[in-house]
Amino acid sequence: MPWHPAITAFLLLDLALLVAIAFATPLRRSIVVARRRRERRLRMRAAVALTVPSWAADLNAASGAVPPPLVSAMLWQAGRDANEHCGVLAELSAKLEVAPPRTRLIAAWAVARIISRCPHVATDRSAGSSANELAQVRALMLTSGAGTAAATEHLRQALAAENPAVRRAALRAVECTDSSTALMDDLERRVHDRHPDIRLTAARLIGRAATDRDLSRLLRLLVATDAGMQQTLLTAMSRADQPLAVKAIAAAEDPSSADRLSAIAIVGTGSDGRARQAIATLLRDRDPGVRSAAAVAAGRTLRIGWPMKGSALAAADAPRDRLVDQLLRLVAEESIAAVLHPVVQALACSGDDRAPAALLGRISSASPALRERLIEGSALIAQLAAPVARVAVSTLVAP
Amino acid sequence: MTWSIAFAAVVVAGLALYHGFNLVTIALAAVEMRRQRWMTSHPAVRALEEGRLLPGVAVIVPAYNEQVSIVRTVHSILRLAYADLQVIVVSDGSTDGTLQALTRAFALRPSLDAPSGTLSTQSVRAVFSSAVDARLVVVDKRNGGKADALNVGINIARTPLVLAVDADIALDRKALLHLTMPFVLYPDTVATSGVIRPSNGCVRRRERIVRGEVPGHLLEAFQVLEYMRAYGVGRLFFNRFNGHLIISGAFGLFDRELLLEIGGYQTHAVGEDIELVARIHRHLVAQQRPYRLEFSSHALCFTEAPHSLPDLGKQRLRWHQGLLSTLRIHRAMALNRRFGWIGLLTVPYFVLELAAPALEALGWLVLPALWWTGALPPAMLALFVAVGVLMSTSVSLAAILLDALQFNHFRRSIDRARLIACALLEHIGYRQCTIYYRLKGIVRYYSSIHLKSSWKSPTRAAQAAP
C-alpha cells in the first residue's frame, strides 16, 4: 500500500488525541486551576475598582470600555459589599435589562443581595421604570430571606404595577416567599385582574393561605367569580390543612343566608367529622339546589379522605359513615338528574363496600347519561379497590 | 477502469464529506463547551439554584406496562433538586400492574385535578394525586400511544414548562436546574435538551447514578461511545448556531404554551420527538418570532441502552424511520434561507446522515467487488479503507477527550482504555450491524411497513434485577 499524506495526517491526529486522552485528568486539573486563578485576579481588580467612591459611575462606564469579565466581577463584588453601596439599586437593575446573559445573572444576584440586606432600599421607588421593577421582583426570588417587611411592601407595590409581567412575577414571588397571608387584600384585588392567568394564580394563593378570619372574604369571592375560579379556590383550600370548613358550617346551615351555597362548597373542602355530618344533614334539605351543592361537597370531602388501596372496602365491620348512608339513600330515591349526578360521583369516591351494589342496582331505571356515570363510578371503585371488592363488582355485573 | 474509480471516488467523497464534517464539528464543540462551563461554575449560578427564580416544571412520564421500573423512576424524579416541580405519570392503558405499583408506593387517591389544556386525546379515565407526595399526579387513560400520553400530560400540567422523559430513565440531581437555566438567561428560549447517556454499567446508589463505568458487555460499550459522539460533539456543535433539529423524547424541556399552540405531539408520526421540533421551527419562522432551542451539556439523563442485537435493531429502525419520515414531511425546510442555519446546514446534514448507511454499505460492498474484478487497484482500496477508518476513529477519540475534559464521567483509566478499544473495534462488525438496521428501516419505510408511534419495549434486564 502506498503511504499517502492523508494517512499520515490522520494517524498523527489520532496519536495526538490518544496522548491527550492519556493526560486528560492532569490537563483538566490545570484548566480548572488556571480558571480559578483568572477569576481571583479579576475579583481583586474589581475590589480595587469598587473602593473608589464613584464606583456606581464606574459600573455604568464599564459596559463600554472595561472587558465583560471585569464587569461581572465588579457586579459580583457589589453584591458582596451590599451593605455599603446599596444606593445603586437602580443602576444595577438597569443593567439587568441590557447586559449580556452572564452579566445579567450576576447583576440579579447582586440586586437580590442588596434587597435582602438593605430592606430600606427595596422600597425606594426612584428606580422608576417597569423594567427595573420586574428585575427587582425577579431578584427578590433569588433569596430565600426576602420575607422582610420591606420586601413585602415591595411586593405589594409590584402587585399593583401596570405591567402585567411585573404583576405575574410578583405573584410568583409571593408564592415563593410564603407572604400570601400578609398580602391578602392585594391578592383579592388581583382576583379581578384583566389577565386570566393572574386571576387564577391569585385565587389559588388565597385559597391556600386563607384562615378563619378570611371566611367572609372567601364567601364573597365564591359568589362573585366564575366556575373556573371557584374550582381553583376550592381545590387550593382542600389542599391546605386548615379548619375553615368547620367555621363555614354555621353559614351553610343558615336557611336565610345569601351565601349558603358558597358556604356548603367550603364545607366540602374539609374532611373533618363535623363537616361530613353537616353535609349529611344538608343532603336531606328540601331545596334541590342545596341537595345538589351538598352532593358536590360530599364528593369533594370523600375524595380528600380517600383511603389507601382497598382499606375501606375491606373494613366491612367498621362503623358506617352517616354521609355515605345519605348518599346511598339518595341514589336509590332521588329523581332529579342535577342532584343524582354529583351523588354518583361522590359514592364512587366513598370507598364503601355497599356503593358498587347501589350504583349498579340503579342502572336499570337510569337514563343513558346517568347510566354512563353509574358504570364509570363502579369502574373507579373496582380499579382502586382490593381484589375482594373487585370480585364483588364482577359478580354483580356478571348476570 | 475509469468509471469504476470515478464511482469509488464518489462513494469515498460522500463518506469523506460526512466524516470531515464531523471532524469540523469537534473544534466548534470545544468552543461551545467553554461557553457552557460558566453556567455551572459561577457562584451566581449556584445562588440561582438555591433561590426560587426558576420557572415551574412538570415532568411528564408516559408509561405503558412499566410495572418494573416506574416506581424507581418516579422516586428518582421526586428527588431532583428543584423547587417548583410537578410529576405527571400517564399510564397509557397499561395492562400490567403499573397503576397498582404506583398506588401501593405513593398512596394514590382520586384527585380534583382536571385537564386544562386544549389538545385532543384519548379519554382520561381517572386522575389521582398522592397522599405521600403532593407533587405527584397519576393519570389513567385509554391506550393511544406515547405521543397521546404526552399530550394528556401537557393538558394536565399547570406549570409554564413541561419536561418529557421516558419511564426507564434516571436523572442527575441537578439536571432540571441546568435544563431550565437557558429559559432564565435567554427569554426567547422555547425548548432545551440535555445529555443522554446509557445507564448500563453505571454505579447506582439510592436510585441515583453516582459513578460512570463502561459496561463489560461489548454491545453496550459501543453504544456508550455512540452516545458520547452524538451529545459530546454533535449537539454542542448545533448549539453554536441555534441549529437543533433533534430534542430527544426521552429528555426534552418545552414551553407548554407553545406546545398547546402547535397542537402538541403528532400521534401518527413515527418519530414524534423529531417531528415536534421540526414543527416548532416551521411555526415560529412562519410567525417571524425570535426563538432559541438550547442544549445544556451539564443536564444529565441516564437511559438504559438495548442489551441485545434484536432490541438494538428495533431501536435503530425506529430512529431512522423517524428521521426519514420527518425529513420527508418537512422537506421544504431543506436549503431554505428563511430557516437560517436550520435550513442551510442542519437539515442537509441530517439528509447526509440519512444517506450515510447507504454510502457506507456501498463502500463496504462495491469497493471490494471492484477490486475483485480488477477494476480497482488494491493500493487504492487499501487507501480508501484506511482513510475512512482513521477519520471516523478521530471523531470517536475527540469525543472521548472532550468528555474527559468536560465531565470526567469515566474516571478510571480502564474505562478510557475500553472506550479507545471500542473506537477501534466498532469498525469490525458493530458499524456494519447498525448500517444494516438503518438500511432496513429505509427499505421498510418505502415498503409502507411503517412503525407507528408506539412504545419501545426492550427487555429491562438491568432493572428487573433487585
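For the record, the sequence lines run as chains A and B. Per the numbering used here, residue 253 is the first one in the first sequence, and the count goes up by one each step. Per the numbering used here, residue -18 is the first one in the second sequence, and the count goes up by one each step. Glycine included, C-beta positions come from ideal geometry on N, C-alpha and C.
Report buried or exposed for tyrosine 330 of chain B, applying the criterion of at least 16 other Cβ atoms within 10 angstroms of its Cβ.
-> buried
Whether alanine 404 of chain B touches leucine 378 of chain B by CB criterion (8 Å) | yes
7 Å CB neighbourhood of leucine 335 of chain B in its chain, flanking five on each side removed = Leu304, Leu305 and Leu308
Proximity test, Cβ basis, 8 Å: asparagine 389 of chain B and chain A | yes
At least 3 beta-carbon pairs within less than 8 Å: the stretch 143 to 162 of chain B vs the stretch 366 to 375 of chain B | no
Thinking C-alpha only, which one of B:Ala86, B:Leu257 and B:Gly125 is nearest glutamine 103 of chain B?
-> It is B:Gly125 whose Cα lies nearest to the Cα of glutamine 103 of chain B.
Enumerated in chain order, which unbroken segments of the alpha helix (DSSP H) with a length of 4 residues or greater are wholly contained in the stretch 454 to 530 of chain A?
-> The stretch 454 to 530 of chain A is shown to contain whole alpha helix (DSSP H) runs of 4 or more residues at 467 to 476, 479 to 491, 496 to 505 and 512 to 519, in chain order.
Give me the Cα-Cα distance between threonine 84 of chain B and arginine 90 of chain B, rounded to the nearest whole angstrom.
-> 8 Å
Which residues of chain B have a Cβ atom closer than 9 Å to the Cβ of isoleucine 501 of chain A, listed in chain order?
-> None at all; the shortest Cβ gap to chain B is about 21 Å.
Flag this pair as touching only if the stretch 233 to 241 of chain B and the stretch 140 to 148 of chain B have three or more C-beta atom pairs under 8 Å; answer yes or no.
-> Under the three-pair Cβ rule at 8 Å, the stretch 233 to 241 of chain B counts as touching the stretch 140 to 148 of chain B.
Report all residues from its chain with a CB closer than 6 Å to the CB of threonine 260 of chain A; omit the five preceding and five following residues, and keep chain order.
-> none
Report the rounded CA-to-CA distance for serine 394 of chain B versus alanine 202 of chain B, giving the unit in angstroms.
-> Those two C-alpha atoms are separated by around 15 Å.
Leucine 279 of chain A versus chain B: which residues are under 7 Å apart at the beta carbon?
-> Leu386
Determine whether the Cβ of serine 50 of chain B lies closer than 8 Å to any Cβ atom of chain A.
-> no
Determine whether the Cβ of methionine 372 of chain B lies closer than 8 Å to any Cβ atom of chain A.
-> yes
So what does DSSP say about phenylalanine 391 of chain B, is it helix, strand or coil?
-> coil
Helix, strand or coil: how does DSSP classify arginine 185 of chain B here?
-> strand
Close beta carbons around isoleucine 227 of chain B, own chain, < 6 Å, minus the five adjacent residues each side = Cβ neighbours of isoleucine 227 of chain B beyond the five flanking positions: Ile255.
Rounded C-alpha distance that separates arginine 420 of chain A from leucine 66 of chain B | 18 Å
Per DSSP, what kind of secondary structure is glutamine 409 of chain A in: helix, strand or coil?
-> In this structure, glutamine 409 of chain A counts as helix in the three-state DSSP scheme.
Below 7 Å CB to CB, which residues in the same chain sit around isoleucine 627 of chain A once its five sequence neighbours on both sides are set aside?
-> Cβ neighbours of isoleucine 627 of chain A beyond the five flanking positions: none.
Leucine 206 of chain B, buried or exposed, once every other Cβ within 10 Å from all chains shown has been counted against 16 = Flag for leucine 206 of chain B reads buried.
Tell me which same chain residues have a C-beta within less than 7 Å of the C-beta of glycine 98 of chain B, skipping the five on either side of it?
-> Ile135, Asn136 and Leu241
By DSSP, does isoleucine 69 of chain B sit in helix, in strand, or in coil?
-> strand
Compare the beta carbon distance of glutamine 469 of chain B and alanine 286 of chain B with 8 Å and say whether it is the shorter of the two.
-> Since the first residue shown for chain B is -18 and the last is 447, residue 469 of chain B is missing from the structure and cannot be characterised.
Which residues in the same chain have their Cβ closer than 7 Å to the Cβ of threonine 629 of chain A, if we skip the five residues on either side of it in sequence?
-> Going by the sequence as given, residue 629 of chain A is glycine instead of threonine. If we look at glycine 629 of chain A and ignore the five residues flanking it on each side, its Cβ neighbours are Val596, Gln597, Leu599, Ala600 and Leu611.
For valine 368 of chain B, go through chain A and note every residue whose CB falls closer than 9 Å to its CB, in chain order.
-> Per Cβ cutoff of 9 Å: His256, Ala258, Ile259 and Phe262.
Do the stretch 105 to 123 of chain B and the stretch 51 to 62 of chain B meet, that is, are 3 or more Cβ pairs less than 8 Å apart?
-> yes
Three or more C-beta pairs below 8 Å linking the stretch 437 to 454 of chain A and the stretch 474 to 482 of chain A | Flag = yes, the stretch 437 to 454 of chain A and the stretch 474 to 482 of chain A touch.
Nearest CA to the CA of alanine 172 of chain B: which residue from B:Phe391, B:Gly(-5), B:Leu274 and B:Thr161?
-> B:Leu274
At a Cβ threshold of 8 Å, is aspartate 266 of chain A touching chain B?
-> yes
Kindly examine the ligand ADP and report whether one of its heavy atoms sits closer than 7 Å to the Cβ of alanine 380 of chain B.
-> What this structure holds is no ligand at all, so the ligand ADP is not there to describe.
Proximity test, Cβ basis, 8 Å: alanine 272 of chain A and chain B | True, the Cβ-Cβ gap to chain B drops below 8 Å.
Contact list for the stretch 394 to 423 of chain B against chain A, Cβ threshold 8 Å = Arg397 and Ile401
List the DSSP bridge partners of leucine 142 of chain B.
-> B:Val38 and B:Asp236
Leaving out five residues on either side along the sequence, give the residues of the same chain with a beta carbon under 6 Å from the beta carbon of asparagine 317 of chain B.
-> Gly324
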